[in-house]
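See below for the structure under consideration.
Protein chains: 2
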Amino acid sequence: MSIRVTIAVDVMGSDKGPKSIISGAALSKERHPESDYIFFGDYNLINKAISEYSILKNCSEVIGTEFVVNPDDKPSSVLRKSKNTSMGEALDWLKNKKVDALVSAGNTGALMALSKFKLRTLSGISRPAIATTIPHANGEFVMLDLGANVECNTENFIQFAIMGSEFAKIILGKEKPKIGILNVGTEQEKGKLVLQEASEHLKKSYLSKQYSGFVEGDTITNGVVDVVVTDGFTGNIALKTAEGIAKLCSFYIKKMFLGNLLGKIAYLLIKKSLGLLKAKLDPRTRNGALFLGLNGIVVKSHGGADALSFASAIDIALEFSKEGVGKKIIKGLDNLKSSGDINID
Amino acid sequence: MSIRVTIAVDVMGSDKGPKSIISGAALSKERHPESDYIFFGDYNLINKAISEYSILKNCSEVIGTEFVVNPDDKPSSVLRKSKNTSMGEALDWLKNKKVDALVSAGNTGALMALSKFKLRTLSGISRPAIATTIPHANGEFVMLDLGANVECNTENFIQFAIMGSEFAKIILGKEKPKIGILNVGTEQEKGKLVLQEASEHLKKSYLSKQYSGFVEGDTITNGVVDVVVTDGFTGNIALKTAEGIAKLCSFYIKKMFLGNLLGKIAYLLIKKSLGLLKAKLDPRTRNGALFLGLNGIVVKSHGGADALSFASAIDIALEFSKEGVGKKIIKGLDNLKSSGDINID
Numbered sequence: 557m558s559i560r561v562t563i564a565v566d567v568m569g570s571d572k573g574p575k576s577i578i579s580g581a582a583l584s585k586e587r588h589p590e591s592d593y594i595f596f597g598d599y600n601l602i603n604k605a606i607s608e609y610s611i612l613k614n615c616s617e618v619i620g621t622e623f624v625v626n627p628d629d630k631p632s633s634v635l636r637k638s639k640n641t642s643m644g645e646a647l648d649w650l651k652n653k654k655v656d657a658l659v660s661a662g663n664t665g666a667l668m669a670l671s672k673f674k675l676r677t678l679s680g681i682s683r684p685a686i687a688t689t690i691p692h693a694n695g696e697f698v699m700l701d702l703g704a705n706v707e708c709n710t711e712n713f714i715q716f717a718i719m720g721s722e723f724a725k726i727i728l729g730k731e732k733p734k735i736g737i738l739n740v741g742t743e744q745e746k747g748k749l750v751l752q753e754a755s756e757h758l759k760k761s762y763l764s765k766q767y768s769g770f771v772e773g774d775t776i777t778n779g780v781v782d783v784v785v786t787d788g789f790t791g792n793i794a795l796k797t798a799e800g801i802a803k804l805c806s807f808y809i810k811k812m813f814l815g816n817l818l819g820k821i822a823y824l825l826i827k828k829s830l831g832l833l834k835a836k837l838d839p840r841t842r843n844g845a846l847f848l849g850l851n852g853i854v855v856k857s858h859g860g861a862d863a864l865s866f867a868s869a870i871d872i873a874l875e876f877s878k879e880g881v882g883k884k885i886i887k888g889l890d891n892l893k894s895s896g897d898i899n900i901d
Numbered sequence: 557m558s559i560r561v562t563i564a565v566d567v568m569g570s571d572k573g574p575k576s577i578i579s580g581a582a583l584s585k586e587r588h589p590e591s592d593y594i595f596f597g598d599y600n601l602i603n604k605a606i607s608e609y610s611i612l613k614n615c616s617e618v619i620g621t622e623f624v625v626n627p628d629d630k631p632s633s634v635l636r637k638s639k640n641t642s643m644g645e646a647l648d649w650l651k652n653k654k655v656d657a658l659v660s661a662g663n664t665g666a667l668m669a670l671s672k673f674k675l676r677t678l679s680g681i682s683r684p685a686i687a688t689t690i691p692h693a694n695g696e697f698v699m700l701d702l703g704a705n706v707e708c709n710t711e712n713f714i715q716f717a718i719m720g721s722e723f724a725k726i727i728l729g730k731e732k733p734k735i736g737i738l739n740v741g742t743e744q745e746k747g748k749l750v751l752q753e754a755s756e757h758l759k760k761s762y763l764s765k766q767y768s769g770f771v772e773g774d775t776i777t778n779g780v781v782d783v784v785v786t787d788g789f790t791g792n793i794a795l796k797t798a799e800g801i802a803k804l805c806s807f808y809i810k811k812m813f814l815g816n817l818l819g820k821i822a823y824l825l826i827k828k829s830l831g832l833l834k835a836k837l838d839p840r841t842r843n844g845a846l847f848l849g850l851n852g853i854v855v856k857s858h859g860g861a862d863a864l865s866f867a868s869a870i871d872i873a874l875e876f877s878k879e880g881v882g883k884k885i886i887k888g889l890d891n892l893k894s895s896g897d898i899n900i901d
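These protein sequences, in sequence, are chains U and X.
In this text, residue positions in the first sequence follow our numbering: the first is 557, and each later residue adds one.
In this text, residue positions in the second sequence follow our numbering: the first is 557, and each later residue adds one.
This is the structure:
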C-alpha cells in the first residue's frame with residue numbers, strides 16, 4: 557500500500573507561465589505515481605494545459621482563482637488582498653490540512669509573508685527561514701536563511717541553527733550535524749556583533765558539541781560543516797554568486813572543448829562523464845527551497861523555473877511530506893524547549 | 557629610459573612565512589626589472605632569504621623591525637602599538653613618500669586601520685574600501701568593498717561607486733564603466749533600506765548614466781556591470797564563496813578526467829587547454845586587492861599567499877604605481893566635488 561500525497565500547486569506568478577508549471581507536475585507525477593495535485597489559478601488555462609498530459613487526468617483538481625500575486629507586488633500589499641489569489645487560496649487549503657504541502661514559483665516575499673500570516677510559525681520560532689541543500693566536495697550542506705529575513709538578530713540566528721540542525725538530521729541523515737555561522741573570519745572578534753553574540757550563545761547551548769564556530773565562504777564548499785547559518789541577505793547573495801560562478805565554470809569548460817580539434821575529440825571521449833557533471837552542476841535538478849519554521853510544508857521554486865526545474869521543487873515537497881519533516885522539527889523544538897538550556901533575552 | 561619603482565614589502569605576518577614572501581619578490585623582479593624593494597621585518601631572516609636569490613641582491617634594502625602584527629591582533633590594539641612593527645614602519649615609509657607602494661600579506665583589519673591612521677583618506681572619502689578585479693564571462697569586473705567595512709551607510713555606498721568607477725576607468729579601460737549595487741533583487745523596494753537610499757541618490761547624481769541599478773549574485777558573473785558596489789561583509793562572503801565554488805568545479809573536473817580510461821585519454825588530448833583554464837581560474841594569479849581611497853597605494857595579499865601568489869600582489873602594486881591610480885582618483889573626486897551634484901546628508 558502506498559500513501560497518497562496531495563500537493564497544492566500555485567500555477568500563477570512564475571516567470572515562465574502556467575504551462576511550464578503543469579508540465580513540471582506531469583514530470584513529477586511520472587516519478588511519483590502516489591501523488592495527487594490541486595492546481596490553483598486560471599481555471600481555463602490550467603484545464604487546457606492539463607488536457608495535454610494524460611498522466612495528470614485522474615489525479616488533478618483545479619481550483620479557479622481570479623487574481624494573481626505578481627512578482628513585483630509588495631508583501632505588505634499582498635497581505636491586504638490575498639483573497640481569491642492562487643497563492644492565497646492554496647495556502648488556505650494547506651492551513652486547513654486539505655493538502656499535504658504547497659509549491660509555488662511566485663513572489664518569494666509575498667509567499668513568505670502570506671505563509672507566516674496563514675500558517676503561523678512553529679511554537680518557539682519567531683521567524684521562519686528559507687533553507688536548501690547545496691553540494692560540496694563530498695556531499696551536501698544545508699544553508700539558511702536564503703532570503704526571508706534581510707536583517708536578523710541574535711535570537712533569529714540561534715533559531716536558524718536549531719531549525720537547520722533538525723532539517724540536516726533528516727535530509728542529510730546525520731545524527732549530530734555540524735553547524736557553522738557564516739562570517740568574514742573564523743576568529744571570535746570578526747564580523748558583526750550580532751554574529752559574535754549568537755556564536756557565544758551557541759557555544760554555551762545544548763548544541764555546543766555540534767557547533768563549529770564561524771565558517772567562511774571558501775570553506776563551506778569543502779563540507780567543513782553540515783549547516784551554514786546566515787541572514788537572508790548574505791545567504792541569498794552567497795547562493796546566487798555560487799550559481800553565477802558555477803555557470804561561469806560551465807561556460808569556460810564548454811569554450812575549452814570547442815576551442816580546437818583536440819578539444820572536440822576529447823569532448824567526444826568524455827561526453828558521458830561531462831553529461832553527469834553537467835547534471836550535477838545544473839541548478840534545475842536542485843530547485844526548491846523549504847520554508848522552515850512554519851506549521852506546514854511550503855516549497856518555493858525559482859521564479860524562472862522551467863518544467864524540469866519545477867518538477868524538482870514538487871519532488872522536494874513530496875519527499876518532505878512523507879518524511880514528516882514538520883513534525884520532526886516540532887519535536888526537536890519541544891525537546892529543546894524542555895531542556896531549557898538556551899536562554900535568549 | 558625606464559622609471560624605477562620602489563615597493564615596500566611587509567615580510568612578516570603572512571601565514572606561509574617570510575620565505576614565500578621573499579621568493580614572491582624574486583618572481584616579481586624577473587617580470588619587472590625596473591623594481592626595487594625595501595623589505596620590512598626580521599633583519600637576519602630576510603637577509604638569509606634574500607641571499608638565496610641573486611636577482612634580489614642589487615635591488616633590495618632591509619629595514620629590521622622588532623615586532624610583528626599578528627593575524628589575530630585586533631586593529632584597535634595594533635593602532636596603539638604599531639611602532640617598530642614591519643607593517644607600521646613600511647606604512648611610515650609610504651607616508652613619507654620614500655616608497656611608491658606597499659604590499660602586505662598581514663592582518664587585513666590591522667593593515668586597513670593603520671593605513672587609514674597613517675595615510676589618511678583622500679579628500680571627500682570618509683571610508684576607504686578594498687577593491688579587486690574578478691573575471692566574468694567576457695572580461696573582468698571591479699568589486700568593492702571586500703572587507704574593510706562590515707557595516708556601511710548610504711554615503712559610504714555612494715563613495716564606493718565613485719571610487720569603483722574611477723578605478724574601473726583605469727583598470728578596465730572603460731570610459732563610462734557601468735555601476736551596480738549588489739542586492740537580493742533588482743526591484744527598487746528590494747533589500748536593505750540603506751541600499752535603496754544609495755540607489756536613489758546615484759540615480760540623481762552625475763553617475764546616473766553609468767548607474768544600472770541593483771544587480772544580483774548570479775548576474776555579476778555575466779558582466780552585467782563593470783563595478784559592483786557592496787558592503788565589506790557581503791563582498792567578502794560573495795568573493796570567498798566564488799573562490800570556494802571555483803575550487804569545487806576544479807575538483808569535479810579533475811575527478812571526471814581521472815574517473816576512467818576514456819577520461820584519462822581525453823585529459824592527455826586537452827592537457828594544454830586545461831592548463832590555460834586552470835591558470836584562468838587559479839586565484840593565485842589574481843592575488844592582490846587595492847585599498848582604495850587612501851593617500852597612497854596599499855596592496856593587500858591573501859594571508860595564505862605562496863610565492864606565485866605574492867608575486868601577483870607585487871605586480872599589482874607596480875602596475876598601480878606606474879598608472880598613477882591614486883592621482884587619477886583624486887582628480888576624479890575633485891571633478892565630482894566641483895560638479896557639486898551629489899548632495900548627501
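Glycine is no exception: its CB is placed at the ideal position from the N, C-alpha and C atoms.
By the Cβ test, the region 630-645 of chain U is in contact with the region 666-673 of chain U, since at least three Cβ pairs between them sit closer than 8 angstroms.
Here residue 564 of chain U carries a strand assignment [DSSP, helix/strand/coil]. Under the three-state reduction of DSSP, residue 621 of chain X is assigned to coil, being neither helix nor strand. Assigned with DSSP and collapsed to three states, residue 736 of chain U falls in strand.
Residue 675 of chain U places its beta carbon 8 angstroms or farther from that of residue 700 of chain U. Between the region 587-598 of chain U and the region 639-658 of chain U, the count of Cβ pairs shorter than 8 angstroms is three or higher; the stretches touch. Contact check for residue 717 of chain U and residue 785 of chain U: beta-carbon distance about 5 angstroms, within the 8 angstroms limit, so the pair qualifies. With a minimum length of 4 residues, the unbroken runs of alpha helix (DSSP H) contained wholly in the region 601-665 of chain X fall at 631-636, 642-651.
According to DSSP, residue 784 of chain X shares a beta bridge with X:699, X:736. Contact of residue 618 of chain X with chain U is not assigned, every C-beta pair being separated by 8 angstroms or more.
When secondary structure is reduced to three states using DSSP, residue 818 of chain U falls in the helix class. Residue 574 of chain U is bridged by DSSP to nothing; it lacks a bridge partner.
DSSP places residue 598 of chain U in no beta strand (DSSP E); its state is neither H nor E. Nearest CB-CB separation between residue 580 of chain X and chain U: not below the 8 angstroms threshold. Going by beta carbons, residue 661 of chain U and residue 846 of chain U fall outside the 8 angstroms limit.
Residue pairing by DSSP puts residue 856 of chain X in a beta bridge opposite X:660, X:845. For residue 750 of chain U, the enclosing alpha helix (DSSP H) covers residues 749-760. Listed along chain U is no residue with a C-beta nearer than 7 angstroms to that of residue 716 of chain X; the closest approach is about 16 angstroms.
Rounded to whole angstroms, the separation of the alpha carbons of residue 703 of chain X and residue 850 of chain X is 15 angstroms.
Counted as a single uninterrupted DSSP element, the stretch harbouring residue 680 of chain U is not any alpha helix (DSSP H), since DSSP gives it neither H nor E. Take the alpha-carbon of residue 564 of chain U and the one of residue 624 of chain U: they are about 16 angstroms apart. Residue 706 of chain X belongs to the set of residues whose beta carbon lies under 8 angstroms from a beta carbon in chain U. Taking a C-beta distance under 8 angstroms as the contact criterion, residue 792 of chain U and residue 740 of chain X qualify as a contact pair.
The way I'd put it, the region 582-594 of chain X does touch the region 608-619 of chain X; three or more beta-carbon pairs between them come closer than 8 angstroms. The C-beta of residue 799 of chain U comes closer than 8 angstroms to at least one C-beta of chain X.
Between residue 857 of chain U and residue 567 of chain U, the C-beta gap is not smaller than 8 angstroms, which leaves the two residues out of contact. By the criterion of a C-beta distance shorter than 7 angstroms, residue 869 of chain X is surrounded in its chain by 659, 843, 844, 855, 857, 861, once the five residues flanking it on both sides are discounted.
From the listed residues U:751, U:690, U:561, the smallest Cα separation to residue 707 of chain U is found for U:751. Interface annotation, residue 762 of chain X: not in contact with chain U, CB-CB separation never under 8 angstroms. Restricting attention to X:721, X:621, X:589, X:588, the CA atom closest to the CA of residue 601 of chain X is found in X:621. Excluding residues up to 5 positions away in sequence, 739, 740, 741, 770 lie with their Cβ nearer than 8 angstroms to the Cβ of residue 747 of chain X in the same chain. Taking the beta carbon of residue 829 of chain U as reference, the chain X residues within 7 angstroms of it are 812, 815, 819, listed in sequence order.
Straight-line spacing of the CA atoms in residue 705 of chain X and residue 639 of chain X works out to 25 angstroms. Close partners of residue 803 of chain X in chain U (Cβ separation under 9 angstroms): 693, 774, 777, 778.
Taking 8 angstroms as the threshold, the shortest C-beta distance from residue 747 of chain U to chain X falls below it. With respect to chain U, the C-beta atom of residue 879 of chain X has no partner C-beta closer than 8 angstroms.
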